[in-house]
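Read the structure below first, then the notes.
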Amino acid sequence: MKLILRADVDNLGHLGDIVEVKPGFGRNYLVPQGLAMTATKGNLKAFELERKKLQSEMDSIKSAAQELADKLVESRAIVRVRVGEGDRMYGSVTTANVVDELLEMGIEVDRKKIVLGDPIRALGEYTLPVKLHPDVTCEIKVAVVRHNWVEGEPITIEEAELAASEAKAAALAEEKAAEVETTEEVTASDDAEQADEQPTE
Numbered sequence: 291m292k293l294i295l296r297a298d299v300d301n302l303g304h305l306g307d308i309v310e311v312k313p314g315f316g317r318n319y320l321v322p323q324g325l326a327m328t329a330t331k332g333n334l335k336a337f338e339l340e341r342k343k344l345q346s347e348m349d350s351i352k353s354a355a356q357e358l359a360d361k362l363v364e365s366r367a368i369v370r371v372r373v374g375e376g377d378r379m380y381g382s383v384t385t386a387n388v389v390d391e392l393l394e395m396g397i398e399v400d401r402k403k404i405v406l407g408d409p410i411r412a413l414g415e416y417t418l419p420v421k422l423h424p425d426v427t428c429e430i431k432v433a434v435v436r437h438n439w440v441e442g443e444p445i446t447i448e449e450a451e452l453a454a455s456e457a458k459a460a461a462l463a464e465e466k467a468a469e470v471e472t473t474e475e476v477t478a479s480d481d482a483e484q485a486d487e488q489p490t491e
């Protein structure tokens with residue numbers, strides 16, 4: 291079945307392209323949704339007459355998608371979850387959870403636009419692709435944290451252990467620096483005393 295696309299369609303083509311699709315896909319989805327029309331001579335003429343209008347609509351849709359992408363790349367969705375022993379999550383995080391958090395931030399995104407291969411089953415920081423338009427793709431940062439997590443705290447046990455290890459190393463380094471400084475002060479003091487005890491000629 292040959293169709294003229296009246297809009298950009300993912301994995302199929304762009305506005306004005308003549309494509310061949312399975313009859314069921316064309317009749318049951320593309321044509322009823324207004325995304326395509328049958329490629330007859332009459333429809334080709336009609337399409338050319340409305341091409342500018344359709345292109346203007348497509349440009350507006352793309353512009354809106356780009357604005358949304360700009361918001362998303364500056365955002366970070368924080369999904370709070372219940373965890374058990376060893377920070378093991380109860381259940382998993384899906385695109386629906388991410389969309390809910392974005393709505394709380396005043397950002398509306400169709401969850402089908404967020405690309406998530408498998409549900410998230412562990413605490414941590416994630417970067418998810420978001421395909422808003424055939425020509426507009428961006429990424430959003432998602433932090434999956436304990437329900438009582440506070441901004442600035444480590445998210446995972448590994449991060450907490452690393453932070454504790456780094457803090458301990460920093461404290462030891464400070465102690466060592468203080469010891470060296472004290473030793474240098476004592477040495478300088480001893481040298482000064484010896485100089486005072488030297489007889490003058």
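Throughout, the numbering used here is defined as the position within the sequence shown, counted from one, plus 290. Beta carbons: idealized from backbone N, C-alpha and C, even for Gly.
> Which one or two residues does DSSP pair with R366 in a beta bridge?
Replying inline: K431
> Do you know how far the Cα of T330 is from the Cα of P419?
Replying inline: 38 Å
>> So, for M291: in the same chain, excluding its five sequence neighbours on each side, which residues have a beta-carbon less than 6 Å away from its beta-carbon?
In response: V311, P313 and G316
> Taking the continuous alpha helix (DSSP H) assigned at L393, which residues delimit it?
Replying inline: T385 to E394
>> Just verifying my parser: in three-state terms, what is the DSSP assignment at L413?
In response: coil
> Taking the DSSP output, what are the residues bridged to H423?
Replying inline: V426
> From the DSSP output, which residues share a beta bridge with M327?
Replying inline: I294
>> In this structure, how does DSSP classify I308 when only helix, strand and coil are distinguished?
In response: strand
> For V299, which beta-bridge partners are listed by DSSP?
Replying inline: G303
> Taking the alpha carbon of V440 as the point to measure from, which residue in L302, A336, V371 and S350 has its own alpha carbon closest?
Replying inline: V371
>> Suppose you measure from the CA of S350 to the CA of E340; what does that come to, to the nearest Å?
In response: 16 Å
> Exposed or buried, which one is M348 when buried takes at least 16 other CB atoms within 10 Å?
Replying inline: buried
>> Please classify A467 as buried or exposed, where buried requires at least 16 neighbouring CB atoms within 10 angstroms.
In response: exposed
>> Mapping the DSSP letters down to three states, classify I418 as helix, strand or coil.
In response: A small correction: the amino acid at residue 418 is Leu; Ile does not occupy that position in the sequence shown. Strand at L418.
> Per DSSP, what kind of secondary structure is I397 in: helix, strand or coil?
Replying inline: coil
> Going straight from the alpha carbon of C428 to that of K403, what length do you get?
Replying inline: 10 Å
> How long is the line joining the alpha carbons of L406 and V369, rounded to whole angstroms?
Replying inline: 15 Å
> Taking the DSSP output, what are the residues bridged to R436?
Replying inline: V371
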